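Below: one structure, written as structure tokens.
Numbering (the working numbering), first residue to last: 2 to 297.
Structure (structure tokens):
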């Protein structure tokens, strides 16, 4: 078959399905529907005159002909991707970074001057989001999230553990101070829609009961500003308040407890050197953050 009539879309659908093992995973990678992948593969089988997959729909198995075809296709598409990335890397690069909103404001942005000083030809285009990461359907290069990432979904770099604890302004400490979790009952508890169960989960952990009828804020950043203004106490991640604690604007009377989640930077597989440099810089910044003020 001559190059001019090669069914490239169908070949991409086949290569992705055979490499990942499922049409649904191939659809996610290619940013199309399951039905589109299925139609492309059926059309490719008709065009080539060979059967590419056998077995039930929920457990497809590549045929011998498919296994012979797959390595060359994977190699070819990898070379095309590398060539395109290399061409892009010859020019100044913009890296699109998606990050949790409050983490952007209170951790990432204050440190970006250091990255720009080291890599003046790379611009960071920052957007805020806390949704799931799907590089096949989304256009950012790096996503900073909190949770439990899976290596099956994307490449990632763990930054630091998620650890939370109650924080408040030192100016509203009740008479007698705070020595027991029950003492927080004398202070309004502030909540945010992004972590609705934060206070109740912590109360279960320390075996205490506190009134939960405090104010709720739309965004985490607003809640932290309210805490510093003395409007109440909040359950906050360590990384978002460590600078305020060091400066004496907030106190954390009971320290911080790991939640089991982690902050991580996800990035596209086989990324170019600019993205690798940015992820490496994130790793260094996270290490320095932990070194300067590890949570209790």
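For each residue, glycine too, the CB sits at the ideal point set by N, CA and C.
The model shown is predicted, which means the values in this text are computed figures rather than measured ones.
Pairwise C-alpha distance: residue j and residue i
| i | j | result |
| --- | --- | --- |
| residue 139 | residue 156 | 15 Å |
| residue 109 | residue 137 | 25 Å |
| residue 115 | residue 252 | 28 Å |
| residue 143 | residue 107 | 18 Å |
| residue 25 | residue 35 | 5 Å |
| residue 95 | residue 130 | 18 Å |
| residue 10 | residue 68 | 19 Å |
| residue 4 | residue 121 | 41 Å |
| residue 79 | residue 63 | 20 Å |
| residue 52 | residue 12 | 14 Å |
| residue 37 | residue 17 | 13 Å |
| residue 47 | residue 218 | 58 Å |
| residue 123 | residue 237 | 33 Å |
| residue 226 | residue 205 | 26 Å |
| residue 7 | residue 32 | 21 Å |
| residue 133 | residue 101 | 11 Å |
| residue 254 | residue 168 | 7 Å |
| residue 49 | residue 267 | 38 Å |
| residue 216 | residue 185 | 15 Å |
| residue 127 | residue 97 | 6 Å |
| residue 280 | residue 289 | 14 Å |
| residue 81 | residue 118 | 32 Å |
| residue 278 | residue 284 | 10 Å |
| residue 261 | residue 150 | 12 Å |
| residue 87 | residue 72 | 22 Å |
| residue 296 | residue 242 | Below a pLDDT of 50, predicted positions are generally treated as unreliable, and residue 296, at 48, falls in that range; the measurement from the model is reported next regardless. Cα to Cα, residue 296 sits roughly 11 Å from residue 242. |
| residue 30 | residue 41 | 15 Å |
| residue 174 | residue 273 | 51 Å |
| residue 200 | residue 23 | 41 Å |
| residue 77 | residue 84 | 11 Å |
| residue 65 | residue 55 | 10 Å |
| residue 70 | residue 27 | 17 Å |
Residue i - DSSP class collapsed to helix/strand/coil
| i | result |
| --- | --- |
| residue 259 | strand |
| residue 214 | coil |
| residue 3 | coil |
| residue 246 | helix |
| residue 267 | strand |
| residue 288 | helix |
| residue 278 | helix |
| residue 48 | helix |
| residue 56 | coil |
| residue 297 | Low local confidence applies: a pLDDT of 41 at residue 297 is under 50, so the model's placement there is unreliable, with the coordinate-based value given in what follows. Residue state, collapsed to three classes: coil. |
| residue 169 | strand |
Residue range of the unbroken alpha helix (DSSP H) whose run includes residue i
| i | result |
| --- | --- |
| residue 14 | 9-21 |
| residue 31 | 24-31 |
| residue 227 | 221-229 |
| residue 235 | Counting along the chain, residue 235 falls outside any alpha helix (DSSP H), though it belongs to the beta strand (DSSP E) covering 234-238. |
| residue 205 | 199-207 |
Nearest-angstrom Cβ-Cβ length linking residue i and residue j, presumed shorter than 8 Å
| i | j | result |
| --- | --- | --- |
| residue 213 | residue 193 | Actually they do not touch by this definition, with Cβ atoms about 13 Å apart. |
| residue 112 | residue 286 | 5 Å |
| residue 103 | residue 20 | That belief does not hold up - the Cβ atoms of residue 103 and residue 20 are roughly 38 Å apart, past 8 Å. |
| residue 263 | residue 159 | 5 Å |
| residue 148 | residue 258 | Wrong, their Cβ atoms sit about 17 Å apart, outside the cutoff. |
| residue 45 | residue 15 | 6 Å |
| residue 232 | residue 189 | 7 Å |
| residue 141 | residue 180 | That belief does not hold up - the Cβ atoms of residue 141 and residue 180 are roughly 46 Å apart, past 8 Å. |
| residue 282 | residue 164 | Their Cβ separation, rounded to whole angstroms, is 23 Å, which puts residue 282 and residue 164 out of contact at 8 Å. |
| residue 265 | residue 146 | 6 Å |
| residue 209 | residue 183 | 6 Å |
| residue 196 | residue 229 | Their Cβ separation, rounded to whole angstroms, is 18 Å, which puts residue 196 and residue 229 out of contact at 8 Å. |
CB contact check: residue i to chain C, cutoff 9 Å
| i | result |
| --- | --- |
| residue 190 | Among the protein chains of the structure shown there is no chain C, as only one such chain exists. |
Opening and closing residue of the beta strand (DSSP E) in which residue i lies
| i | result |
| --- | --- |
| residue 253 | Premise fails: residue 253 is in no beta strand (DSSP E) and is neither H nor E. |
| residue 191 | 190-193 |
_What ranges does the beta strand (DSSP E) occupy inside the region 95-163, keeping only unbroken runs of at least 3 residues that lie completely in it?_
123-129 and 143-148
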